Amino acid sequence: MENEKKFPSRLLRGMTKDGSARIVVADTRGIVEHAHKVHKTAPTATAALGRLLTASSMLGSMLGEKNDSLTVQIIGDGPAGRLLAVSDYYGCVRGYIENPAADPPRKKSGKLDVGGAVGRGSLTVIRDVGDGEPHTGTVELVSGEIAEDFTRYFAESEQIPSVCSLGVLVAPDGSCQAAGGVLIQLLPFPDPATVDKIEANVPKISSVSSLLDEGKTLEEIAVLAFDGIEFDPFDVIDVDYVCTCSRERMKRGIRSLGKEKIAELFDEEEKENGKRELTAECRFCDKKYRFTEKDFKTVIKPKDNGKGEKK
Ligand SMILES: [Zn+2]
Numbered sequence: 478m479e480n481e482k483k484f485p486s487r488l489l490r491g492m493t494k495d496g497s498a499r500i501v502v503a504d505t506r507g508i509v510e511h512a513h514k515v516h517k518t519a520p521t522a523t524a525a526l527g528r529l530l531t532a533s534s535m536l537g538s539m540l541g542e543k544n545d546s547l548t549v550q551i552i553g554d555g556p557a558g559r560l561l562a563v564s565d566y567y568g569c570v571r572g573y574i575e576n577p578a579a580d581p582p583r584k585k586s587g588k589l590d591v592g593g594a595v596g597r598g599s600l601t602v603i604r605d606v607g608d609g610e611p612h613t614g615t616v617e618l619v620s621g622e623i624a625e626d627f628t629r630y631f632a633e634s635e636q637i638p639s640v641c642s643l644g645v646l647v648a649p650d651g652s653c654q655a656a657g658g659v660l661i662q663l664l665p666f667p668d669p670a671t672v673d674k675i676e677a678n679v680p681k682i683s684s685v686s687s688l689l690d691e692g693k694t695l696e697e698i699a700v701l702a703f704d705g706i707e708f709d710p711f712d713v714i715d716v717d718y719v720c721t722c723s724r725e726r727m728k729r730g731i732r733s734l735g736k737e738k739i740a741e742l743f744d745e746e747e748k749e750n751g752k753r754e755l756t757a758e759c760r761f762c763d764k765k766y767r768f769t770e771k772d773f774k775t776v777i778k779p780k781d782n783g784k785g786e787k788k
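In our numbering, the protein residues as written are 478 to 788.
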């Protein structure tokens with residue numbers, strides 16, 4: 478998409494020289510604008526989904542192995558409904574919001590009311606790491622503003638003291654003007670003097686979308702966070718909104734519904750549109766896949782075949 482080329486999304490990763498803390502700074506304007514275009518989100522929904530995609534990308538980039546992935550789900554009782562984002566090891570993300578039209582009135586401060594759109598509920602992080610059961614951690618939402626909710630998740634579920642700042646600026650025309658995040662995490666046995674300095678620097682990076690909007694680079698923002706602290710050279714990677722859907726995956730999903738349900742879906746389609754043809758839409762990228770009964774011939778057997786189901 479044009480916007481992604483114009484505003485490539487990037488993550489900066491760094492660490493203090495004494496090994497006390499690590500930092501990730503993200504510029505996710507391209508990713509959030511892509512999500513806005515695909516899902517046609519209203520401003521508050523753009524901000525909510527954008528913050529979630531940004532946090533998920535930063536967390537994904539901290540996964541250990543190339544095949545690891547991470548899913549974050551926020552279920553609140555507000556008008557936004559369920560939000561979900563998936564990131565891979567490279568920090569590439571995809572996501573959706575149940576109600577893209579969610580757009581409660583702005584706060585008195587003029588800011589988008591993301592907390593009001595999300596409401597009360599829970600945040601769940603699922604880490605799919607290689608073989609075995611995925612690791613799952615759930616916390617109750619603090620405010621639904623998402624950054625605070627992630628900070629609680631790190632503290633309660635992973636026992637990692639963290640600073641998390643997420644921001645999405647929506648332009649008057651509804652497009653994404655700036656989006657990004659900063660995540661600082663303490664490593665085991667940090668130097669108390671370094672921790673004090675980081676704490677003193679936090680107010681300087683609290684509005685990351687404003688800093689990016691002013692034209693600050695990721696490096697400049699990281700330097701603000703690590704002001705007065707020695708740090709190793711930063712590493713910067715490109716990230717993107719990437720959907721992994723395919724015809725085969727969609728087919729597998731439909732097949733898992735079972736033959737009765739599939740036959741029912743074809744009947745419904747025929748009644749409504751006169752064609753025995755199913756259309757499945759990817760909820761992450763809105764791509765449409767068309768299927769006929771032939772695609773499920775191993776599940777649905779012709780009526781005159783008495784042999785039943787063959788796998
Ligand atoms: Zn897709």
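We put the beta carbon where it would ideally sit given N, CA and C, even for glycine.
This structure is a prediction, so every number in the text was calculated from the model and none was measured.
Report, in whole angstroms, the separation of the C-beta atoms of residue i and residue j, which I expect to be a contact under 8 Å.
i: A579; j: P556; result: 4 Å
i: L589; j: A562; result: That belief does not hold up - the Cβ atoms of L589 and A562 are roughly 18 Å apart, past 8 Å.
i: A740; j: V645; result: Not quite, the Cβ-Cβ distance comes to about 44 Å (not below 8 Å), so this is no contact.
Residue i to residue j, Cα distance in whole Å?
i: V640; j: E622; result: 14 Å
i: G607; j: E696; result: 33 Å
i: G657; j: A503; result: 5 Å
i: E758; j: Y573; result: 13 Å
i: A594; j: G705; result: 38 Å
i: R724; j: D772; result: 11 Å
i: F708; j: V700; result: 9 Å
i: G609; j: D545; result: 12 Å
i: P649; j: P520; result: 9 Å
i: L688; j: A532; result: 17 Å
i: V679; j: G558; result: 31 Å
i: I551; j: E575; result: 10 Å
i: S686; j: A655; result: 6 Å
Hey, could you find the ends of the alpha helix (DSSP H) residue i is sitting in?
i: D744; result: K736 to N750
i: T531; result: P520 to G537
i: E625; result: A624 to S634
i: A594; result: V591 to V595
i: E510; result: R506 to H516
Measure the Cβ-Cβ separation of residue i and residue j and say whether it is below 8 Å.
i: V672; j: R487; result: no
i: V647; j: Y630; result: no
i: L643; j: G553; result: no
i: L755; j: F743; result: yes
i: T493; j: S534; result: no
i: C653; j: V509; result: yes
i: G491; j: F627; result: no
i: D763; j: P485; result: no
i: R753; j: E745; result: no
Could you spell out the range, first to last residue, of the beta strand (DSSP E) harbouring residue i?
i: I551; result: S546 to G553
i: A757; result: E754 to E758
i: F768; result: K765 to T769
i: S486; result: S486 to M492
i: G651; result: Unbroken run through G651: none, as it is neither H nor E.
i: E575; result: Element bounds for E575: n/a, residue is neither H nor E.
i: T775; result: Segment: none, T775 is in no beta strand (DSSP E) and carries neither H nor E.
Practice problem: Within the stretch 662-728, note down every full alpha helix (DSSP H) run reaching 4 residues or more, in order along the chain. | Solution: 669-678, 685-690 and 695-702
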